[in-house]
Amino acid sequence: MTVRVGMVGGGQLARMTYQAGIPLGLTLRVLAADAEDSAGLIGADVELGSPDDPPAMRRFAAGCDVVTFDHELVAPASLTALNDDGVVLRPHPEALRYAQDKRHQRERFAAAGLPVPAHRSVVAGAEIEAFAAEHGWPVVVKAVSGGYDGRGVWVVGDQSQGERLAGEAAGHGVELLAEEHVTLDAELAVQIARRPGGELVVYPAVESVQTDGICHEVLAPAPVPAATAAEAVELGTRIAELTDAVGIIAVELFLSDGKILVNEVATRPHNSGHYSIDGCTTSQFENHLRAVLDWPLGATDLLAPAVAMANVLGGPQSVEQRDVLPRVLADPDARVHLYGKEPRPGRKLGHVTVCGDDLDDVRARAQRAAALLAEAAQEVHA
Ligand SMILES: Nc1ncnc2c1ncn2[C@@H]1O[C@H](COP(=O)(O)OP(=O)(O)O)[C@@H](O)[C@H]1O
Ligand SMILES: [Mg+2]
49 MTVRVGMVGG
59 GQLARMTYQA
69 GIPLGLTLRV
79 LAADAEDSAG
89 LIGADVELGS
99 PDDPPAMRRF
109 AAGCDVVTFD
119 HELVAPASLT
129 ALNDDGVVLR
139 PHPEALRYAQ
149 DKRHQRERFA
159 AAGLPVPAHR
169 SVVAGAEIEA
179 FAAEHGWPVV
189 VKAVSGGYDG
199 RGVWVVGDQS
209 QGERLAGEAA
219 GHGVELLAEE
229 HVTLDAELAV
239 QIARRPGGEL
249 VVYPAVESVQ
259 TDGICHEVLA
269 PAPVPAATAA
279 EAVELGTRIA
289 ELTDAVGIIA
299 VELFLSDGKI
309 LVNEVATRPH
319 NSGHYSIDGC
329 TTSQFENHLR
339 AVLDWPLGAT
349 DLLAPAVAMA
359 NVLGGPQSVE
369 QRDVLPRVLA
379 DPDARVHLYG
389 KEPRPGRKLG
399 HVTVCGDDLD
409 DVRARAQRAA
419 ALLAEAAQEV
429 HA
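Residue numbers (my numbering): 49 to 430.
Structure below.
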């Protein structure tokens with residue numbers, strides 16, 4: 049009988065996971081919010097519904113050998129319902145919680161002696177100010193849960209901004225965490241694929257270039273000293289073990305003044321690992337599937353000395369990507385991945401990866417290809 053993997057969420061991560069499952073003969077069933085979601089468009093077995101609705105989750109999970117996630121915004125009641133039904137959840141809800149709750153994550157990582165930025169739970173504006181008195185302005189304030197792509201992260205410059213943010217957050221029932229504003233030399237990331245018994249493989253440390261909280265580019269291997277890359281890999285491995293997560297674990301790190309701090313963890317395939325589809329022996333998506341099925345993991349070696357990935361981000365206007373695609377494909381090394389999504393400003397619509405010998409060269413080519421596709425996304429239809 050076909051092995052059936054269920055994935056909660058029908059976005060681009062589910063779409064690329066589906067793609068990775070085809071050669072292995074897997075069927076991917078997804079719980080999507082909308083029939084037009086990325087994974088729904090390619091003929092994945094789709095159940096429409098919300099992960100916050102336990103009956104929808106039960107309908108979706110029926111007949112799945114294992115259930116995994118393309119995002120972490122899942123109500124605990126739904127997870128409990130599936131757990132009670134005996135559904136195999138990978139990662140387990142306890143591991144998923146690290147990705148769902150930034151306060152839980154900071155507290156656990158700090159208690160384990162991992163290097164994390166100074167942080168504190170805050171409710172009132174005065175508490176943000178008290179934190180600033182110790183750590184200086186600006187203060188980075190984050191929603192404890194529900195944020196992604198920088199939504200839910202605010203750089204607060206002074207007391208009045210802090211008061212305003214705290215007031216708005218209280219009005220919306222959003223819990224806040226204050227953090228010291230770290231001076232970033234670079235942001236790094238590491239992906240780990242881990243099986244239920246603890247066997248794991250680690251991908252090379254990469255640099256993730258972020259603007260306004262959104263990943264724009266990923267460079268592999270990270271252009272940092274070997275000792276820094278080794279430390280990143282070691283921290284990632286420790287975090288995979290500490291969280292006891294199964295599947296892909298992506299660890300976002302800050303490099304500041306030569307030192308590494310842990311930013312956050314995602315317990316699923318991650319934008320920082322998209323380069324692995326074209327740049328590594330086994331992609332993060334295939335290794336996610338192998339890990340959640342408790343199958344042997346594939347090699348994570350880089351296939352080229354330099355790999356660059358650039359995201360195609362939506363601009364202010366609507367898209368006609370097919371008109372520029374031939375120009376993009378004129379670069380024979382440009383590996384294009386489009387997600388079939390309706391363009392919206394800042395939305396991740398696709399990515400391009402280029403592998404080669406020289407990082408500056410592949411980076412420039414990936415940027416150019418992504419910019420062409422993004423410009424297309426900005427063409428006016430008037
Ligand atoms: N304490 C901090 N100091 C400086 N920059 C930060 C800090 N926390 C987050 N950032 C910036 O904001 C981005 C998004 O923050 P993150 O906590 O990863 O939220 P998200 O869940 O949206 O990815 C980070 O990648 C980084 O660029
Ligand atoms: Mg992040």
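In this text, a Cβ means the ideal position worked out from N, Cα and C, and glycines have one as well.
Taking 6 Å as the cut-off, one finds at least one heavy atom of ligand 1 near enough to the beta carbon of Q258. In the three-state scheme derived from DSSP, where H, G and I count as helix and E and B as strand, L397 is classed as strand.
Short note on E235: C-beta not closer than 6 Å to any heavy atom of ligand 2.
Taken from the Cβ of E255, every heavy atom of ligand 2 lies 6 Å or farther away.
Taking the Cα positions, A278 is about 42 Å away from G97. With contacts defined by Cβ atoms closer than 7 Å, D305 and P353 do not form a contacting pair. Taking G200 as the centre and dropping the five residues before and after it, the same chain places the C-beta of K190, A191 and G194 closer than 7 Å to its C-beta, in chain order. Relative to the Cα of E177, the nearest Cα in the group K150, G295 and S208 belongs to S208.
In this structure, DSSP gives L303 an extended state, which the three-state scheme calls strand. Counting only the Cα atoms, A293 lies some 18 Å from L130.
Exclusion of E265 from the 6 Å shell around ligand 2 follows from its C-beta lying no nearer than that to any non-hydrogen atom of the ligand. Two segments are said to touch when three or more pairs of C-beta atoms, one from each, lie closer than 8 Å; by this definition the stretch 363-378 does not touch the stretch 59-79. Contact check between the stretch 168-175 and the stretch 133-150: fewer than three CB pairs, one atom from each, fall below 8 Å, which does not count as touching.
DSSP places H322 in no alpha helix (DSSP H); its state is neither H nor E. Of all alpha-carbon atoms in L309, Q332 and H336, the one lying nearest the alpha-carbon of R243 is that of H336.
Ordered along the chain, residues surrounding ligand 1 are K150, P165, V188, K190, G195, Y196, D197, G198, R199, G200, V201, E227, E228, H229, V230, L232, E235, Q258, G261, E300, F302, N311 and E312 [Cβ under 7 Å from any heavy atom]. DSSP, read as helix, strand or coil, puts D409 in helix.
Boundaries of the beta strand (DSSP E) harbouring I262: I262 to A268, taken from the DSSP string. The beta carbon of W185 sits closer than 7 Å to those of G205 and D206, all from its chain and outside the five residues before and after it, given in chain order. At the C-beta level, V272 and H264 stay beyond 7 Å of one another. In the assembly as shown, R413 is a buried residue. Its beta-carbon has 16 or more other beta-carbons within 10 Å. Residue state for A83 is assigned as coil, using DSSP reduced to three classes. In this structure, DSSP gives V376 a helical state, which the three-state scheme calls helix.
Contact between the stretch 138-148 and the stretch 86-94 is absent: fewer than three C-beta pairs spanning the two stretches fall below 8 Å. Restricting attention to A288, L386, E300 and I296, the CA atom closest to the CA of G346 is found in I296.
Annotation: E255 is outside any alpha helix (DSSP H); the continuous beta strand (DSSP E) that includes it extends over V254 to T259. One thing to note: T259 has its Cβ no nearer than 7 Å to the Cβ of Y323. Taken through DSSP and simplified to helix, strand or coil, S98 comes out as coil. Counting the other CB atoms within 10 Å of its CB gives H385 a total of 16 or more, which places it among the buried residues. Contact between L248 and A288 holds, with the beta-carbon distance rounding to 6 Å and staying under 8 Å. For the set G111, V313, G246 and A237, the Cα lying nearest the Cα of A268 is the one of A237.
Boundaries of the alpha helix (DSSP H) harbouring L213: Q207 to G219, taken from the DSSP string.
Spanning the alpha carbons of L351 and T330 requires a straight line of approximately 10 Å.
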